[in-house]
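To start, the structure under review is shown below, and the notes come after it.
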Amino acid sequence: MKKNWWKILTVLLLVFTVVAGMLTEVPRLAILNETIRNLYFHVPMWFGMILILLVSVVYSIKYLKNPTVKNDIVAHEAAKVGILFGVLGIVTGMEWARFTWGEYWSNDPKQNGAAIGLLIYFAYLVLRSSFAEQQQRARISAVYNIFAFAALIPLLFILPRLTDSLHPGNGGNPGFNAYDLDNRLRMVFYPAVLGWTLLGIWIVNVKSRLELLRQRIYENV
Amino acid sequence: MQKDFVLEWRQKYAFNGMLLYVSSTVFVCYLSFGLRSNVLTVPVWNAVLWIILLFTSVNAIAKSFMQENRGRLLYFYSIVSPQGVILSKILYNACLMLVLALICFVFYAFVLGNPVQDVPMFLLSILLGAIGFATSLTMISGIASKAANSSTLMAVLSFPVIVPMLLMLIKMSKNALDGLDRSASLDELLTLLAINMIVITVSYILFPYLWRS
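First to last, the sequence lines map onto chains A and B.
At position 210 of the first sequence the residue is numbered 210 (UniProt numbering), and the sequence of numbers has no breaks.
At position 106 of the second sequence the residue is numbered 106 (UniProt numbering), and the sequence of numbers has no breaks.
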């Protein structure tokens, strides 16, 4: 029970996020109106994605230093969960863009950047599936994972800041900080980030344990 | 390292092949646009040039690891360090790409007209582009050559990685085409340099792990 406190915390945080996110008062802003609630669902997805991909990269580095099956499996599962978060982030973002920008996809630099970022990680999955031998697969996909993460950082953090974008925080639109000052939003936003990230880590944890057990069964059979 | 360079240089047939590839692509573009040359506005000119360069570089650099036979790789493995191999490959590919890109630009400008207003800046963007393509594609080709269906994988792996670089390059060369003030493209220039540095460092660190298999 002692080790599971963070799982209970996750559940509580997420219940709080959903309930409070849907019901509490939010500041009225032009255009955004009620869609501002997407802050509790869309933005934490990207935080979660970055953190979980970071976990994946850390395990890839650990694999190159110390090749064990566990490090490889965690890196792989974390990359998959990171992709899941990225897809959810893009879907929630598109849904939001439909009501604020008028279109699902308006060729915005941030949207394009996110799509390319996802392509990089889909390529990672393709690369993994094209090896038959396990050790080689683990090592080479670890190398690609680190390489891809290094390519992802300029894509997500540098390029969008150089161009104008419709996205909040860019090109004169009310940014995150403009309404971050509102304490009502903060009260839900921080728990939301923490909750979604913990959920991601939990999924990675469960899936990699499952995968490890499956490998062990194969070895015994 | 020099020896590696010389060895690569001996494979001249690859270079000649790429030369022919570049010129025929440019010529195809010329033929398809030539009938209605007023269609070719400046942004299209720019985009087509970079697309040609991208495909040329993918084709040219994909060969750098795939064409090696096992014996030669083993020989390299026994005499030089992996860092030496990747650096010399990157260096060779950068030179190769530079020559190819320059020839491509000259030939392209010759047949399709040259709307560039700030030629030194444009050449600088080509230089950075050649180095950037060479560095990232060398590493990707090293990764892809280990896998089964390497030529498909090469395309799949390289395009997402190269797109950010390509976007910066297109913007920078567009600035040079329009003859904008040079300070306008300083941001792009610095970012490109930074991306190149990141890619080179990461390849330098990671290649030894790849090399072992």
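Each residue gets a CB set at the ideal place from its N, CA and C atoms; glycine is no exception.
Compare the Cα-Cα distances from residue i to each of the options and report the closest residue.
i: Tyr63 of chain A; options: A:Arg137, A:Trp5 and A:Thr17; result: A:Arg137
i: Asn145 of chain A; options: A:Ser129, A:Ala79 and A:Leu51; result: A:Ala79
i: Ala130 of chain B; options: B:Ser24, B:Thr201, B:Trp211 and B:Ile61; result: B:Ile61
i: Asn112 of chain A; options: A:Val58, A:Met94 and A:Phe99; result: A:Met94
i: Thr135 of chain B; options: B:Ala144, B:Phe27 and B:Ser203; result: B:Ser203
i: Lys7 of chain A; options: A:Leu198, A:Val193, A:Val91 and A:Phe131; result: A:Leu198
i: Trp202 of chain A; options: A:Phe99, A:Tyr40, A:Leu119 and A:Glu77; result: A:Glu77
i: Ile198 of chain B; options: A:Glu219, A:Val204 and A:Leu155; result: A:Leu155
i: Asn175 of chain B; options: B:Asp118, B:Tyr209 and B:Ile126; result: B:Asp118
i: Val204 of chain A; options: A:Phe131, A:Trp5, A:Val55 and A:Tyr40; result: A:Val55
i: Gly200 of chain A; options: A:Met45, A:Leu119, A:Val18 and A:Tyr40; result: A:Met45
i: Ile116 of chain A; options: B:Pro208, B:Leu169, B:Ser158 and B:Val26; result: B:Ser158
i: Pro67 of chain A; options: A:Val143, A:Leu12 and A:Arg139; result: A:Arg139
i: Trp50 of chain B; options: B:Leu169, B:Leu210, B:Phe33 and B:Pro160; result: B:Leu169
i: Val57 of chain A; options: A:Phe131, A:Ala75, A:Val69 and A:Lys65; result: A:Ala75
i: Gly179 of chain B; options: B:Met154, B:Ser78, B:Val116 and B:Ala155; result: B:Val116
i: Pro208 of chain B; options: B:Thr25, B:Val80, B:Phe33 and B:Lys63; result: B:Val80
i: Cys104 of chain B; options: B:Ile126, B:Ser141 and B:Ser78; result: B:Ile126
i: Lys63 of chain B; options: B:Ser150, B:Ile162 and B:Pro160; result: B:Ser150
Can you give me the Cβ contacts of residue i inside the same chain, cut-off strictly under 8 Å, excluding the 5 residues immediately before and after it?
i: Ile73 of chain A; result: Ser208, Glu211, Leu212 and Gln215
i: Tyr121 of chain A; result: Leu53, Ala79, Gly82, Ile83, Gly86 and Ala148
i: Leu206 of chain B; result: Met139
i: Pro43 of chain B; result: Lys174
Measure the Cβ-Cβ separation of residue i and residue j and say whether it is below 9 Å.
i: Leu9 of chain A; j: Trp196 of chain A; result: no
i: Phe133 of chain B; j: Leu190 of chain B; result: no
i: residue 218 of chain B; j: Leu123 of chain B; result: Any answer about residue 218 of chain B is impossible in this case: the structure gives chain B only from 1 up to 213.
i: Val43 of chain A; j: Phe157 of chain A; result: no
i: Leu128 of chain B; j: Leu193 of chain B; result: yes
i: Ala151 of chain A; j: Ile200 of chain B; result: no
i: Leu100 of chain B; j: Leu19 of chain B; result: yes
i: Met121 of chain B; j: Met165 of chain B; result: no
i: Phe15 of chain B; j: Leu98 of chain B; result: no
i: Ile153 of chain A; j: Ala114 of chain A; result: no
i: Val193 of chain A; j: Phe99 of chain A; result: no
i: Val143 of chain A; j: Leu177 of chain B; result: no
i: Leu153 of chain B; j: Ser130 of chain A; result: yes
With 16 as the cutoff for other CB atoms within 10 Å, does residue i come out buried or exposed?
i: Asn46 of chain B; result: buried
i: Leu186 of chain B; result: exposed
i: Gly102 of chain A; result: exposed
i: Ile143 of chain B; result: buried
i: Ile50 of chain A; result: buried
i: Gly172 of chain A; result: Only weak support exists for where Gly172 of chain A lies, its pLDDT of 44 falling under 50; the value from the coordinates is given anyway. By the neighbour-count rule (16 or more Cβ atoms within 10 Å), Gly172 of chain A is not buried but exposed.
i: Leu181 of chain A; result: At Leu181 of chain A the pLDDT is 49, less than 50, meaning the model places this residue with poor confidence; the figure from the coordinates comes in the next sentence. Answer is exposed; the Cβ neighbour count stays below 16.
i: Asn93 of chain B; result: buried
i: Asn4 of chain A; result: exposed
i: Thr41 of chain B; result: exposed
i: Ala147 of chain B; result: buried
i: Asp108 of chain A; result: buried
i: Ser141 of chain B; result: buried
i: Lys89 of chain B; result: buried
i: Ser60 of chain A; result: buried
i: Ile86 of chain B; result: buried
i: Ile217 of chain A; result: exposed
i: Leu12 of chain A; result: exposed
i: Lys65 of chain A; result: exposed
i: Asn206 of chain A; result: According to the sequence provided, residue 206 of chain A is Val. The question's Asn does not apply to it. Classification for Val206 of chain A: exposed.
i: Glu188 of chain B; result: buried
Apart from the five residues on each side of it in sequence, which residues of its chain come closer than 7 Å, Cβ to Cβ, to residue i?
i: Ser141 of chain A; result: Tyr124, Leu127 and Arg128
i: Ser23 of chain B; result: Phe107
i: Val48 of chain B; result: Cys29
i: Tyr21 of chain B; result: Thr56 and Asn59
i: Tyr104 of chain A; result: Met94, Ala97 and Arg98
i: Ala20 of chain A; result: Val188
i: Thr92 of chain A; result: Asn38, Phe41, His42 and Met45
i: Asn71 of chain A; result: Tyr59, Lys62 and Tyr63
Below 6 Å CB to CB, which residues in the same chain sit around residue i once its five sequence neighbours on both sides are set aside?
i: Phe16 of chain A; result: Pro191
i: Val111 of chain B; result: Tyr30
i: Asn170 of chain A; result: Unreliable placement is indicated for Asn170 of chain A, whose pLDDT of 49 sits below 50; the coordinate value is still reported in the next sentence. Cβ neighbours of Asn170 of chain A beyond the five flanking positions: none.
i: Leu118 of chain A; result: Gly86
i: Gln134 of chain A; result: none
Could you run through the segment 118-138 of chain B and flag, in chain order, every residue whose CB is less than 8 Å away from some CB of chain A? Ser136
Using a beta-carbon distance cut-off of less than 7 Å, what residues from the segment 146-163 of chain B approach chain A? Listed by position along the chain: Lys146, Ala147, Ala148, Asn149, Leu153, Val156, Leu157, Pro160, Val161 and Val163.
In chain order, what residues of the segment 202-213 of chain B put their CB closer than 7 Å to some CB of chain A? Val202, Leu206, Tyr209, Leu210 and Ser213
Can you give me, in chain order, the residues of the segment 184-201 of chain B that have a beta carbon less than 9 Å from any beta carbon in chain A? Asp187, Glu188, Thr191, Ala194, Ile195, Ile198, Val199 and Thr201
Quick one: which residues of the segment 108-134 of chain A get their C-beta closer than 7 Å to a C-beta of chain B? List them in chain order. For the segment 108-134 of chain A, the set of residues with a beta-carbon nearer than 7 Å to any beta-carbon of chain B comprises Ile116, Leu119, Ile120, Ala123, Val126, Leu127, Ser130 and Phe131, in chain order.
Using a Cβ-Cβ cutoff of 8 Å, what residues of the segment 143-154 of chain A are near chain B? List them in chain order. Val143, Tyr144, Ile146, Phe147, Ala148, Ala150, Ala151, Ile153 and Pro154
The segment 53-80 of chain A: positions lying closer than 9 Å to chain B by Cβ: Leu64
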